[in-house]
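J.: For the sequence shown, my numbering assigns the number 4 to the initial residue and increments by one for each residue that follows. Let me give you the structure first, and then I'll get to my questions.
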Amino acid sequence: MLPKVNPTSTAAWQELYQHIEEQNFDLRTLFQQDAQRFETFSVKGNGLLFDYSKNLINAKTKALLLQLAEECQLKDAIAKMFAGDKINETEGRAVLHTALRDFSESKIMVDGEDVKPAVKRVLHQMKTFSEKVISGEHKGFSGKEITDVVNIGIGGSDLGPVMVCSALKTF
């Protein structure tokens with residue numbers, strides 16, 4: 004179970020609110036005042052660059068945001084997600100975003116079972132199916148090739164629809 008902390012009831016939230024109300028700066032001024040702003044407010048790793056230097060924040064804002072994360076017990080929640088704990092309380096199951104995106108050989112255990120082989124199997128099935136649709140080998144109900152795909156979602160994760168659209172797109 005995840006911690007039940009309402010962010011708006013934390014001390015950090017109140018301090019952030021007051022901090023923002025008191026601020027009177029713009030990006031041009033922030034960059035003029037700090038030649039190292041990009042280095043201070045960006046993170047690079049594993050081929051990705053997260054540049055948040057072009058947001059209206061300063062060192063105090065960053066410190067307060069980190070304080071908010073701590074007060075909301077974000078590290079604990081992230082650890083539970085990566086550990087495969089059942090943090091989706093509505094469905095009583097683990098959230099497996101990490102298993103979909105982890106291409107390493109490490110295991111992701113849920114209820115004592117490594118879920119990555121099943122994830123790999125489903126991803127392979129999806130790839131095979133999409134290749135058959137694209138090539139015309141897989142026919143629709145009418146026996147004709149499928150030329151259009153309509154995806155109707157229920158408002159959950161965007162990953163599934165994006166993957167389907169990407170898989171079926173002719174490049």
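In this text, a Cβ means the ideal position worked out from N, Cα and C, and glycines have one as well.
1) In terms of alpha-carbon separation, which member of GLN21, GLU148, HIS100 lies closest to PHE85?
2) Write down every uninterrupted run of the beta strand (DSSP E) in the segment 30-86 whose length is 3 residues or greater and which is fully enclosed by it, in chain order.
3) Would VAL165 and VAL152 qualify as a contact pair, given that the criterion is a beta-carbon distance under 9 Å?
4) Do you know offhand how far ILE60's Cα is from PHE53's?
5) Once the 5 residues before and after GLN70 are set aside, which same chain residues still bring their CB inside 6 Å of it?
6) Name, in chain order, the residues that DSSP records as bridge partners for ASN91.
7) For GLU25, which three-state DSSP category applies?
T.: The answer reads as follows:
1) On the sequence shown, position 82 is the one that residue 85 refers to. Minimum Cα distance to PHE85 is reached at HIS100.
2) You should have 45-48, 51-54.
3) Stepping through the sequence shown from its first residue, residue 165 is reached at position 162. Stepping through the sequence shown from its first residue, residue 152 is reached at position 149. No, they are not a contact pair.
4) Counting from 1 along the sequence shown, the entry for residue 60 is found at position 57. Counting from 1 along the sequence shown, the entry for residue 53 is found at position 50. Between the alpha carbons of ILE60 and PHE53 lies a distance of about 15 Å.
5) Position 67 of the sequence shown, counting from 1, holds the residue named residue 70. Sequence-distant partners of GLN70 (beyond 5 residues in either direction) whose C-beta falls short of 6 Å from its own C-beta, in its chain, are ALA15.
6) Position 88 of the sequence shown, counting from 1, holds the residue named residue 91. Answer is ARG96, bridged to ASN91.
7) Indexing the sequence shown from 1 puts residue 25 at position 22. DSSP places GLU25 in helix when its eight states are reduced to three.
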